[in-house]
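Accompanying notes for the structure given below.
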Amino acid sequence: MTKHKSILIHNIYHMLSYAFQTLNQENYENVAIESFEEMYDLLAAILAKGIGIQLKQGLYRTYMNLEENLPVMRGKINILGTVKNRLAHEHLLMCNFDELSENNLFNKIIKTTVILLLKNNKIKSEYKEDLKKKMLFFSNIDVLDPKSINWSTIYFQRNNQTYRMLISICQLIIEGMLITTDSGDYRLAKFVDEQSMCRLYEKFILEYYKRHYPEVNVSASQISWAVDDGIRTMLPVMQSDIHLQKENVVLIIDAKYYSHTTQSRYDKHTLNSNNLYQIFTYVKNRDYEFGGEEHKVSGMLLYAKTEDKIQPNNVYQMHGNQISVNTLDLNLPFKELSNQLDSIVKSHFGDVIKVS
Numbered sequence: 005m006t007k008h009k010s011i012l013i014h015n016i017y018h019m020l021s022y023a024f025q026t027l028n029q030e031n032y033e034n035v036a037i038e039s040f041e042e043m044y045d046l047l048a049a050i051l052a053k054g055i056g057i058q059l060k061q062g063l064y065r066t067y068m069n070l071e072e073n074l075p076v077m078r079g080k081i082n083i084l085g086t087v088k089n090r091l092a093h094e095h096l097l098m099c100n101f102d103e104l105s106e107n108n109l110f111n112k113i114i115k116t117t118v119i120l121l122l123k124n125n126k127i128k129s130e131y132k133e134d135l136k137k138k139m140l141f142f143s144n145i146d147v148l149d150p151k152s153i154n155w156s157t158i159y160f161q162r163n164n165q166t167y168r169m170l171i172s173i174c175q176l177i178i179e180g181m182l183i184t185t186d187s188g189d190y191r192l193a194k195f196v197d198e199q200s201m202c203r204l205y206e207k208f209i210l211e212y213y214k215r216h217y218p219e220v221n222v223s224a225s226q227i228s229w230a231v232d233d234g235i236r237t238m239l240p241v242m243q244s245d246i247h248l249q250k251e252n253v254v255l256i257i258d259a260k261y262y263s264h265t266t267q268s269r270y271d272k273h274t275l276n277s278n279n280l281y282q283i284f285t286y287v288k289n290r291d292y293e294f295g296g297e298e299h300k301v302s303g304m305l306l307y308a309k310t311e312d313k314i315q316p317n318n319v320y321q322m323h324g325n326q327i328s329v330n331t332l333d334l335n336l337p338f339k340e341l342s343n344q345l346d347s348i349v350k351s352h353f354g355d356v357i358k359v360s
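Take any residue in the sequence shown, count from 1 to its spot, add 4: that is its number in this note's numbering.
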């Protein structure tokens, strides 16, 4: 099967299907069984299918404030503009009015992303043709400068929830794959970058455990600092990637997606010190919250397995807590990949039931 770095392309689809529940619907079943040679083809196929579904439901529209010269009044009259028309002997009223429009940020992002994909010569013509057909319905929608999109300001309401997966896929493509050439043109980089894949990797593991292990409380919760005087001013937030808890047994997983799982100096390989400090801090502060209750808090650094010869697989007992460092092999058939995740839960929580 084809790989993207050290991940089977089809496993990326599985990761996306956990991160975005929409992909589990029957509308995407053809995508799920298709074989993809390139990461771009997979993303293009998902986007084309998603756009098609959205077109059937209708493109999201928002009220836009427009200003036009009209023969009859509409909305509010712009006095200054109307006077200028009169002086120019034009019998028109300049009016300001609100109108429902498809030319909004959400649809602009989709069109911008599709244009980028169409320029990529690695995408098969069949996916390009499908995307081109969809773009016929986007003729009145503007294209954005991809670098100008402020993803942090995008929020979803009840009437645009169906765009959540589409915009997330667009962000994965634009943020993760976009680079600028010397001429100022945009093209797609060879691979999705680590930061974008890391977010997907974290989300996949979190949603996998949420779906399959209802007996375990699964969250990406914050951990409080164990301060003696209650003062936490200016202390940074401790945000866990995956927090698993059953009764008073806790496992905190810090998911890491790097090109290299260890650091090397003078031919000596060691664990990433910052990663280790971080998970140890999370574990000790979470441990403190239980006080005198009987409990067990453990931590795990879970790296995506790379092609490096040396891969960490260690268990440490640190000041009363277990800290383990493991790798998750994303280059295995998905059944074997899921077995790895299942074994982590069972080794910490015993005989918990997995649901399909």
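Idealized CB from N, CA, C, for every residue including glycine.
To which residues of the same chain is residue i closer than 7 Å at the C-beta, ignoring the five residues directly before and after it?
| i | result |
| --- | --- |
| S225 | S244 and H247 |
| Y270 | none |
| F353 | V220, K250 and V253 |
| P218 | V359 |
| N82 | E71, M98, C99 and N100 |
| H216 | K358 and V359 |
| E298 | N252 |
| Q161 | none |
| T166 | Q58 and Q61 |
| E106 | L63, R65, N144 and I145 |
Tell me which residues share the same chain as residue i and place their Cβ nearer than 6 Å to its Cβ, disregarding the 5 neighbours each side in the sequence.
| i | result |
| --- | --- |
| R78 | C99 and F101 |
| E71 | N100 |
| G188 | Its pLDDT being 47, under 50, G188 is placed unreliably in this model, and the coordinates cannot settle the point. |
| K126 | E42 and Y44 |
| W155 | Q175 |
| M19 | L204 and F208 |
| Y320 | I327 |
Any idea what DSSP makes of residue i, helix, strand or coil?
| i | result |
| --- | --- |
| N343 | helix |
| D146 | coil |
| Q321 | strand |
| E72 | strand |
| K260 | strand |
| K137 | helix |
| T66 | strand |
| S172 | helix |
| K250 | strand |
| V349 | helix |
| S223 | strand |
| M242 | strand |
| F208 | helix |
| D2 | The structure shown does not extend to residue 2, since the chain spans only 5 to 360, so no value can be given for it. |
| S200 | helix |
| K112 | helix |
| L12 | strand |
| L46 | helix |
| M98 | strand |
| S152 | helix |
| K128 | coil |
| E179 | helix |
| K80 | strand |
| S105 | strand |
Could you pull out every residue in the same chain whose Cβ sits closer than 8 Å to the Cβ of residue i, ignoring the five residues on either side in sequence?
| i | result |
| --- | --- |
| D312 | H264, T265 and T266 |
| A23 | S172, L204, K207, F208 and E211 |
| V141 | Checking the sequence shown, residue 141 turns out to be Phe, not Val. L59 and L63, listed in sequence order. |
| V147 | K112, K115, T116 and I119 |
| F40 | T6, I13, H14, Y17, L46 and A49 |
| N164 | Y64 and F110 |
| K214 | V222 |
| N69 | N100, F101 and D102 |
| D333 | K309, E340, L341 and Q344 |
| E94 | N73 |
| W229 | R236, L239, M242 and N289 |
Inspect the beta-carbon positions of residue i and residue j and report whether they are closer than 8 Å.
| i | j | result |
| --- | --- | --- |
| G303 | I256 | yes |
| V329 | L305 | yes |
| Q249 | V231 | no |
| V35 | A48 | no |
| L341 | N15 | yes |
| G54 | M169 | yes |
| L430 | I145 | Because the chain spans 5 through 360 in this model, residue 430 falls outside it and cannot be assessed. |
| Y67 | L91 | no |
| I283 | D258 | yes |
| V287 | I327 | yes |
| Y261 | C202 | yes |
| N73 | L96 | yes |
| N279 | M242 | no |
| Y307 | T285 | no |
Kindly confirm or deny that the stretch 261-277 and the stretch 314-330 touch, where touching means at least three C-beta pairs closer than 8 Å.
Touching, per the Cβ criterion.
Do the stretch 41-52 and the stretch 112-126 meet, that is, are 3 or more Cβ pairs less than 8 Å apart?
yes
Any 3 or more C-beta pairs closer than 8 Å across the stretch 128-137 and the stretch 81-93:
no
As an exercise, report each continuous beta strand (DSSP E) stretch of at least 3 residues that is fully enclosed by the stretch 268-338, in chain order.
Listed in chain order, the complete beta strand (DSSP E) runs (minimum 3 residues) inside the stretch 268-338 are 272-274, 300-308, 318-322 and 325-332.
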